[in-house]
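Visitor: From first to last, the protein sequence lines stand for chains Z and S.
This note's numbering numbers the first residue of the first sequence as 30 and each following residue consecutively.
This note's numbering numbers the first residue of the second sequence as 67 and each following residue consecutively.
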Amino acid sequence: MLEARLEQAQLLKKVVDAIKDLVQDCNFDCNDSGIALQAMDNSHVALVSMMLKAESFNPFRCDRNIAIGLNLVSLTKVLRAAQNEDILTLKAEDAPDSLNLTFESSDKDRISEYDLKLMDIDQEHLGIPDTDYSATISMPSAEFKRICTDLMAMSESVTIEAGKDGIKFACNGDIGNGSITLRTVQDVENKENNIEIALTEPVSLTFSLKYLVNFCKAQNLSKTVKLHISNEVPLLVEYAMEGGSYLRFYLAPKIGD
Amino acid sequence: QVPQIILEQYYKSG
Numbered sequence: 030m031l032e033a034r035l036e037q038a039q040l041l042k043k044v045v046d047a048i049k050d051l052v053q054d055c056n057f058d059c060n061d062s063g064i065a066l067q068a069m070d071n072s073h074v075a076l077v078s079m080m081l082k083a084e085s086f087n088p089f090r091c092d093r094n095i096a097i098g099l100n101l102v103s104l105t106k107v108l109r110a111a112q113n114e115d116i117l118t119l120k121a122e123d124a125p126d127s128l129n130l131t132f133e134s135s136d137k138d139r140i141s142e143y144d145l146k147l148m149d150i151d152q153e154h155l156g157i158p159d160t161d162y163s164a165t166i167s168m169p170s171a172e173f174k175r176i177c178t179d180l181m182a183m184s185e186s187v188t189i190e191a192g193k194d195g196i197k198f199a200c201n202g203d204i205g206n207g208s209i210t211l212r213t214v215q216d217v218e219n220k221e222n223n224i225e226i227a228l229t230e231p232v233s234l235t236f237s238l239k240y241l242v243n244f245c246k247a248q249n250l251s252k253t254v255k256l257h258i259s260n261e262v263p264l265l266v267e268y269a270m271e272g273g274s275y276l277r278f279y280l281a282p283k284i285g286d
Numbered sequence: 067q068v069p070q071i072i073l074e075q076y077y078k079s080g
C-alpha cells in the first residue's frame, strides 16, 4: 500500500495547479522511490514529467508499484479543501479504486478526509533518453515568465537563440517584432537572481509561446528555472524542488523553412 | 506560420 505524508499540502497543490491545464487524466506511478507522472498534452507537442521523490515526504511508504489513475480536475476540487500549511497524507491500497486524502491543520484542531474515485488509465509512455544539451540556461523563474508573457502579446512563437554573447528570445508578430537578450548575472548575495549560461555549441530553436506560458504556471514551485536546449531535440524546462523532486516540461520545436 | 513537430518524432513510445 501507499502512505505518503507531506508536511505542507502546498507542494502538491502547486504541482497539480501547474499541470492541470496541460494534462487531464494521468497516472501517479508510485513505487519505493516516490511518485512519478509522465503525460503528454492532447496535441502531443508538450510533455509533463513529474517526480516527487520519497525524500520529499515524511514518512513515505510504498512497497510495490501502484498506479493511481487520476482526473486532475477532480483532484483539484479536493485539494482546494486543503490549506497550504495543512499536513497532507495520501493513502491507497495495492490495487486501488480510490485515493484517500487527509488534510490536517498544523495545530491539529481539524482533520478533513476525502476519498477520490480513481480511473483506469492506459497511458502512452515516451522513452526520453538522457541527453547532453548544447545549452543550459538557469534563470529566475519569474524572469522567464515575464519574457514569455511579454512576447506572447506580440506573437505566437518565440525563437530562443543561445550563443556566446548570451541568450536571446525573439519574436515576430503582425504588429512588429521584439526581443529580449539576457547576459550572465552573478549576484553573490542573492543567488536566486543569477543567470547562468552553459554552452557547448550555439543553438537556435523556435517554440510555441502558448505552451511556454503554460509551463510558467510552475513558477511558484521554484525561484529558478533551467532551460535545456539542443538543436536536435525538444526543449526541456525544469523546475527543481526540495528533496530532489522536480517538475519537467518537454516541448517539441517548430520547424522553420 | 511554421509547422509544429510532435514529440513522437523525437522520442519513442513504449
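Think of the CB as a built atom: it goes at the ideal place given N, C-alpha and C, for glycine as much as any other residue.
Note that the coordinates shown come from a computational prediction; the quantities given were computed from them, not determined experimentally.
Mind the definition here: the segment 80–90 of chain Z touches the segment 166–176 of chain Z only if three or more C-beta pairs lie below 8 angstroms; say whether that holds.
Guide: Touching, no.
Visitor: Mind checking Z:Glu84: buried by the 16 CB within 10 Å criterion, or exposed?
Guide: Translated into the one-based positions of the first sequence, residue 84 of chain Z becomes position 55. When all chains shown are included, Z:Glu84 counts as exposed.
Visitor: Does the segment 206–221 of chain Z come close enough to the segment 122–131 of chain Z that 3 or more CB-CB pairs lie under 8 angstroms?
Guide: no
Visitor: Are the CB atoms of Z:Ile189 and S:Pro69 nearer to each other than 8 angstroms?
Guide: Taking the first residue of the first sequence as position 1, residue 189 of chain Z is located at position 160. Taking the first residue of the second sequence as position 1, residue 69 of chain S is located at position 3. Annotated as distal: Z:Ile189 and S:Pro69, with beta-carbon spacing of 8 angstroms or more.
Visitor: Say whether chain S places a C-beta atom closer than 8 angstroms to the C-beta of Z:Leu238.
Guide: As a first step, residue 238 of chain Z must be located in the first sequence, where it is residue number 209. With 8 angstroms as the cut-off, Z:Leu238 does not count as an interface residue toward chain S.
Visitor: Please report the straight-line C-alpha distance between Z:Val107 and Z:Ala47, rounded to a whole angstrom.
Guide: The sequence position of residue 107 of chain Z within the first sequence is 78, counting from 1. The sequence position of residue 47 of chain Z within the first sequence is 18, counting from 1. Their Cα atoms are separated by approximately 16 angstroms.
Visitor: Note down the Cα distance separating Z:Met183 from Z:Asn206, rounded to an integer number of angstroms.
Guide: Translated into positions along the first sequence, residue 183 of chain Z becomes position 154. Translated into positions along the first sequence, residue 206 of chain Z becomes position 177. Each residue's alpha carbon lies about 7 angstroms from the other.
Visitor: I'd like the ranges of any beta strand (DSSP E) spanning at least 3 consecutive residues and lying wholly in the segment 87–119 of chain Z.
Guide: 89–91 and 95–100
Visitor: Across which residues does DSSP place Z:Cys55 in a beta bridge pair?
Guide: Here residue 55 of chain Z refers to the residue found at position 26 of the first sequence. Z:Cys55 pairs with Z:Leu99.
Visitor: Just confirm the distance between the C-beta atoms of Z:Asn113 and Z:Ala38, as a whole number of angstroms; I'd bet it's less than 8 angstroms.
Guide: Position 84 of the first sequence holds residue 113 of chain Z. Position 9 of the first sequence holds residue 38 of chain Z. Yes, Z:Asn113 and Z:Ala38 are in contact; Cβ-Cβ is about 6 angstroms, under 8 angstroms.
Visitor: Inspect the beta-carbon positions of Z:Cys245 and Z:Cys200 and report whether they are closer than 8 angstroms.
Guide: Within the first sequence, residue 245 of chain Z is the residue found at index 216, counting from 1. Within the first sequence, residue 200 of chain Z is the residue found at index 171, counting from 1. Not a contact, by the Cβ cut-off of 8 angstroms.
Visitor: Tell me, to the nearest whole angstrom, how far the beta carbon of Z:Glu153 is from that of S:Ser79; I am working on the premise that it is less than 8 angstroms.
Guide: Numbered from 1 along the first sequence, position 124 holds the residue referred to as residue 153 of chain Z. Numbered from 1 along the second sequence, position 13 holds the residue referred to as residue 79 of chain S. Z:Glu153 to S:Ser79, Cβ: 6 angstroms. Contact.
Visitor: Would a check of beta-carbon distances place Z:Gly207 closer than 8 angstroms to chain S?
Guide: As a first step, residue 207 of chain Z is located in the first sequence; it is residue number 178 there, counting from the start. Answer no: the Cβ-Cβ gap between Z:Gly207 and chain S never drops below 8 angstroms.
Visitor: Considering only C-alpha positions, which residue in the set Z:Asp126, Z:Asp136, Z:Glu122 and Z:Glu142 is nearest to Z:Ala110?
Guide: As a position in the first sequence, residue 110 of chain Z is number 81, starting the count at 1. Ranking Z:Asp126, Z:Asp136, Z:Glu122 and Z:Glu142 by Cα distance to Z:Ala110 puts Z:Glu142 first.
Visitor: Interface residues of chain S around Z:Val74 at Cβ under 9 angstroms?
Guide: In the first sequence, residue 74 of chain Z corresponds to position 45, counting from 1. Residues of chain S passing the Cβ test: Gln70, Ile71, Ile72 and Leu73.
Visitor: Anyone know if the C-beta pair for Z:Tyr162 and Z:Ser78 falls short of 8 angstroms?
Guide: In the first sequence, the residue the question calls residue 162 of chain Z occupies position 133. In the first sequence, the residue the question calls residue 78 of chain Z occupies position 49. Going by C-beta atoms, Z:Tyr162 is not nearer than 8 angstroms to Z:Ser78.
Visitor: Under the rule that 16 or more other beta-carbon atoms within 10 Å means buried, what is Z:Lys239, buried or exposed?
Guide: For the purposes of this step, residue 239 of chain Z is taken as the residue at position 210 of the first sequence. The residue in question, Z:Lys239, is exposed, as its Cβ has fewer than 16 Cβ neighbours within 10 Å.
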